[in-house]
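Peer 1: Everything in the sequence shown is counted per our numbering, starting at 150 for the first residue and increasing by one. Where is the CB? At the ideal position from N, CA and C, for every residue including glycine.
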Amino acid sequence: MEWYIKVLKNYAVFEGRARRKEYWMFVLFNFLAALCLGFIEGFLGAFSNTDQSILSFIYNLAVLIPSIAVGIRRMHDVDRSGWWILCPIVNLVFAVTDGTAGSNKFGPDPKANER
C-alpha cells in the first residue's frame, strides 16, 4: 500500500525515476481496485436497471495522471524517454527490465542504497 500512496503523492512528477517495485505495486493495486469495483458494480447492477459503471469511470479518471507519471518515471529508470509509454509492447519489456545502475540523465538511482 505504501507504494501506491507514494505514486499518488507524486501524481504530477514526470521527472526522476521509479523502481520496478513502485511501478508494479501501483499496477497491481489498480488491478485489484478495478476488480473490486467490477464486483460492486455487478452486484449493484443486479438489483437495478441502471448502469453502475460510473464508479469505475471516476476511479480510472482519478488514477490516469498518476499512471502516466509513474510509467514515464519507470521509462526513465531504464534510461529511456517517457515517450516510450506510447508503445505498449516495448513499454512492457522496459517495465520489467532492471533499471540503470547508478545515476543516469534522468536522476540518481532509486536503488542506490540497496546496491
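Can you look up G231 in the DSSP assignment and give me helix, strand or coil?
Peer 2: Of the three classes helix, strand and coil, the one that applies to G231 here is helix, per DSSP.
Peer 1: How would you call F255, buried or exposed, if buried means at least 16 neighbouring beta carbons within 10 angstroms?
Peer 2: F255 is buried by the Cβ-count criterion.
Peer 1: Assuming I234 and I221 form a contact by the criterion Cβ under 8 Å, report the distance between their Cβ atoms to the nearest whole angstrom.
Peer 2: The Cβ separation is near 6 Å, so the contact holds.
Peer 1: Count the C-beta pairs between the region 164 to 173 and the region 224 to 233 that are closer than 8 Å, then say yes if the count reaches three, no if not.
Peer 2: Verdict: yes, contact present.
Peer 1: Quick one: is G248 buried, meaning 16 or more other Cβ sit within 10 Å of its Cβ, or exposed?
Peer 2: Per the 10 Å Cβ criterion, buried.
Peer 1: For a minimum of 4 consecutive residues, which ranges assigned as the alpha helix (DSSP H) are wholly contained in the region 157 to 218?
Peer 2: Whole alpha helix (DSSP H) segments, 4+ residues: 169 to 195.
Peer 1: Helix, strand or coil for G248? Go by DSSP, reduced to three states.
Peer 2: If DSSP states are grouped into helix, strand and coil, G248 belongs with coil.
Peer 1: Look up G220 in the DSSP assignment and give the residues it is bridged to.
Peer 2: Partner(s): none; G220 has no beta bridge.
Peer 1: Report the partner residues of N262 according to the DSSP bridge assignment.
Peer 2: In the DSSP output, where bridge partners are listed per residue, N262 has none listed.
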